[in-house]
Amino acid sequence: MQPDTTDKQILNLIQQNAHLTIKEIAGKINLSVTPVHERIRKLEREGFIEKYVGLLNRRKLGKSLVVYCNVTLDKQRKESFEDFNQAIGEMEEVLECSVVSGNFDYMLKVIVEDGEAYNQFYQHKLSALKSVLHISSYFVISEIKYSTAISVG
Numbered sequence: 001m002q003p004d005t006t007d008k009q010i011l012n013l014i015q016q017n018a019h020l021t022i023k024e025i026a027g028k029i030n031l032s033v034t035p036v037h038e039r040i041r042k043l044e045r046e047g048f049i050e051k052y053v054g055l056l057n058r059r060k061l062g063k064s065l066v067v068y069c070n071v072t073l074d075k076q077r078k079e080s081f082e083d084f085n086q087a088i089g090e091m092e093e094v095l096e097c098s099v100v101s102g103n104f105d106y107m108l109k110v111i112v113e114d115g116e117a118y119n120q121f122y123q124h125k126l127s128a129l130k131s132v133l134h135i136s137s138y139f140v141i142s143e144i145k146y147s148t149a150i151s152v153g
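Each residue of the sequence shown is one higher than the last, beginning at 1 in UniProt numbering.
Right, dumping it as structure tokens:
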């Protein structure tokens with residue numbers, strides 16, 4: 001199933017504000033409530049909508065430092081990747097973790113309070129993993145664009 005124009009309108013509205021009611025969405029796209037409700041349920045069933053979340057202000061929560069880390073593993077073995085994946089999945093400081101191509105194996109997005117908190121994370125969690133060979137850290141000075149919205153046309 002591919003979303004049609006109406007489905008895409010619904011997806012865009014939900015991305016902008018997942019708090020909108022079905023009635024509000026219906027009013028914005030000139031449909032009645034029942035077909036909008038059915039379309040949303042279909043989009044959920046088909047996996048186009050995975051979940052609904054609230055985006056929190058990290059600065060208000062005292063998490064002002066964003067760090068991108070490039071990580072290289074010591075051995076390119078399945079066990080090393082599995083061990084690393086397991087450990088990273090349990091680290092609350094890591095918001096994103098991707099396997100990448102190039103000179104390193106992973107790229108992490110880490111959010112912490114400050115430089116000292118990052119140092120503690122780096123020394124006691126990330127570099128403590130036995131499979132990690134090298135870590136390069138890049139501290140964000142200023143965010144130019146931050147979005148979670150995916151263009152759906």
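Here a beta-carbon is modelled for each residue, glycine too, at the ideal position from N, C-alpha and C.
Q: Please work out which residues of its chain come closer than 8 Å, Cβ to Cβ, to I49, disregarding the five sequence neighbours upstream and downstream, and give them in chain order.
A: L11, I14, I40, L43
**Q.** Presumed contact (8 Å Cβ cut-off) between S137 and V94, rounded CB distance
**A.** With 8 Å as the limit, S137 and V94 do not qualify as a contact, their Cβ atoms being about 13 Å apart.
Q: Measure from the alpha carbon of V57 to the alpha carbon of each residue in N70, P3, E113, then state which is nearest.
A: The sequence shown places Asn at residue 57, not Val. Residue E113 is the option with its Cα nearest to N57.
Q | Close-in-space but distant-in-sequence residues of the same chain around Y52 (CB under 7 Å, 5 per side omitted) | A | A18
Q: Could you check the C-alpha separation between A117 and N85 for me, to the nearest Å?
A: 22 Å
Q: Check the C-beta distance from M107 over to V100 and give it rounded, since I have them as a contact under 8 Å.
A: 5 Å
Q: Run the CB neighbour count on A26, radius 10 Å, all protein chains shown included, and call it buried at 16 or more, exposed below.
A: buried
(Q) My output table needs one value for T5: the three-state DSSP class, helix, strand or coil. (A) helix
**Q.** Short Cβ contact (7 Å threshold) for K28 with G153
**A.** no
(Q) To the nearest angstrom, how far is the alpha carbon of Q76 from that of K130? (A) 13 Å
Q) Would you report the Cα separation of S80 and V71, rounded to the nearest angstrom? A) 12 Å
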